[in-house]
Amino acid sequence: MKLKILTLSLLIVFTFVAPQFIKAESTNNSGEFFRHFARALHDKDESKLKSLIDPSVKIPEIRENTPISSLETLPSPRKNTYVIIGSFRDDSFDDCMGGCQRIAFIWEVLMKSDRISKIKVISDEANPFLNEVILTKEYKEKFNKQIYGPGYFPFKITHVSGKISGEKITLYYKNVKTPCVVKIHAEPTAGEIILPKGNLYKPITLHKGYKGFIGELPEKGYELILLIDNIQYNVKLIGDSTNYKPSKRDLIKVVNSMFPPKYDSAISWRDPIR
């Protein structure tokens, strides 16, 4: 408990340090080892990481795609044990010249025979929603179109991922323990909603006068289709009914949390050609 309080108190100290590409510091000759470890983490070099840890050790998941920019090592009162603090580079702070860093994680590692034999997560500071920010920013830079994500979820989000393929963007908001997912697929259209074949979806009026269509999915969930700024959003809410049972009401709340502040546009729809 004392160790956790000590390491968590370092969050304040390391929040606004000067940005470094890769940094690993130590009070003894383990510094070279951690420099290799820091580089392997930054480069996501799995083969290098495996060479630095025992086969039984699993590297904790880092739930954010932002590269690790620095690694600090601190001594621990326990023998052959170190506290390592990983940081992300964060350019979102306006008052930092060249960018700042923020804590990514705090791990306690046990060394044995010049290898890591155990890793204990003291603190996980990764923000998976920044993966959404990175993807939507990239999409806007490519196509000059804003993609809107939800502000409400009916379950805790542990992971956010996605991809861009042409003008299509797909975002996944998951709880890997439940498991549940909100999946958003968005792509530009000619101002019309394109409904699935064998359309059984029902029209629905959403927040601020938006119109959409909602229907049930075969994979234990629901889908809501709508148009925002000539971009069609297919929003799916899927869950394992053992842990979470999706509902139309929850999906509507998710979609209602996506809308921009103001929007005035006509909307139409059509069935696909059969």
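Quick note on numbering: the sequence shown equals residues -24 to -1, 1 to 250 in mature numbering (1 follows the signal peptide of the UniProt record, and there is no 0).
In this text, a Cβ means the ideal position worked out from N, Cα and C, and glycines have one as well.
### Query
Between the C-alpha atoms of V152 and P36, what's the straight-line distance to the nearest angstrom?
As a first step, residue 152 must be located in the sequence shown, where it is residue number 176. As a first step, residue 36 must be located in the sequence shown, where it is residue number 60. C-alpha separation (whole angstroms): 15 Å.
### Task
May I ask you to verify whether the segment 189 to 207 touches the segment 108 to 126, counting CB pairs closer than 8 Å and requiring at least 3?
As far as the Cβ criterion goes, the segment 189 to 207 touches the segment 108 to 126, which means the pair count is three or higher.
### Query
Per DSSP, S137 forms a beta bridge with which residues?
For the purposes of this step, residue 137 is identified with residue 161 of the sequence shown, where counting begins at 1. Per DSSP, Y148.
#### Entry: Any beta strand (DSSP E) of 3 or more consecutive residues that is wholly inside the segment 34 to 111
Correct list: 44 to 51, 57 to 66, 76 to 88 and 91 to 100.
### Message
Between which two residues does the beta strand (DSSP E) holding N210 run?
### Response
For the purposes of this step, residue 210 is identified with residue 234 of the sequence shown, where counting begins at 1. That run of the beta strand (DSSP E) goes I207 to G215.
#### Entry: Per DSSP, cross-strand counterpart(s) of residue 251
Because the chain in this structure spans residues -24 to 250, residue 251 falls outside the shown range and cannot be described.
### Message
Spatial neighbours of N183 within its chain, please: C-beta separation below 7 Å, excluding the five flanking residues on both sides.
### Response
The residue you call residue 183 lines up with position 207 of the sequence shown. Residue identity check: residue 183 is His in the sequence provided, not Asn. Hits under 7 Å: N232 and F235.
### Task
State the Cα-Cα distance for the pair I79 and S32, rounded to the nearest angstrom.
Numbered from its first residue, the sequence shown carries residue 79 at position 103. Numbered from its first residue, the sequence shown carries residue 32 at position 56. When rounded, the distance between both Cα atoms is 26 Å.
### Task
Figure out for me which residue from L176, I170 and V157 has the closest Cα to the Cα of D216.
As a working note, residue 216 is residue 240 in the sequence shown. Among L176, I170 and V157, the Cα nearest to that of D216 is on V157.
### Query
When the Cα of L86 is compared with those of I29, H135, N103 and S99, which residue comes out closest?
The count along the sequence shown starts at 1 and reaches residue 86 at position 110. Looking from the CA of L86, the closest CA among I29, H135, N103 and S99 belongs to I29.
### Message
Taking the straight line between their C-alpha atoms, what separation do you get for I201 and L227?
### Response
The residue labelled residue 201 in the question sits at position 225 within the sequence shown. The residue labelled residue 227 in the question sits at position 251 within the sequence shown. If I take the Cα positions, the gap works out to 11 Å.
### Delimiting residues of the beta strand (DSSP E) encompassing K187
As a working note, residue 187 is residue 211 in the sequence shown. Where K187 is concerned, the enclosing beta strand (DSSP E) starts and stops at K187 to L193.
### Query
Just the Cα atoms here: how many angstroms apart are F9 and V97?
Residue 9 sits at position 33 when you count from the first residue of the sequence shown. Residue 97 sits at position 121 when you count from the first residue of the sequence shown. Cα to Cα, the separation comes out at about 19 Å.
#### Entry: Through-space distance from S89 to Y128, alpha-carbon basis
In the sequence shown, the residue the question calls residue 128 occupies position 152. In the sequence shown, the residue the question calls residue 89 occupies position 113. Going from the Cα of Y128 to the Cα of S89 covers about 48 Å.
### Query
For E114, which residues does DSSP report across the bridge?
What you label residue 114 is simply residue 138 of the sequence shown in a count that begins at 1. DSSP lists no partner for E114.
#### Entry: Enclosing beta strand (DSSP E) for L202 [first to last residue]
Reading the sequence shown from its first residue, position 226 is the one you call residue 202. Per DSSP, L202 belongs to the beta strand (DSSP E) from G197 to I204.
### Query
Grouping DSSP H, G and I as helix and E and B as strand, with all else coil, what is K24?
Reading the sequence shown from its first residue, position 48 is the one you call residue 24. Residue state for K24 is assigned as helix, using DSSP reduced to three classes.
### Task
Please determine, among L17, I82 and R11, the residue with the shortest C-alpha to C-alpha distance to N41.
Stepping through the sequence shown from its first residue, residue 41 is reached at position 65. The shortest C-alpha separation from N41 is found at L17.
### Message
Considering Cα atoms alone, identify which of P130, N120 and L176 is closest to R225.
### Response
In the sequence shown, counting from the first residue as 1, residue 225 sits at position 249. Among P130, N120 and L176, the Cα nearest to that of R225 is on P130.
### Contact set for N56: own chain, Cβ-Cβ below 8 Å, skip 5 residues either direction
Along the sequence shown, one-based indexing puts residue 56 at 80. Taking C-beta separations shorter than 8 Å and ignoring five residues to either side along the sequence, the partners of N56 in its chain run L86, M87 and K88, following chain order.
### Query
Are at least three pairs of beta-carbons, each pair with one atom in the segment 170 to 183 and one in the segment 134 to 152, less than 8 Å apart?
Contact fails: fewer than three Cβ-Cβ distances are below 8 Å.
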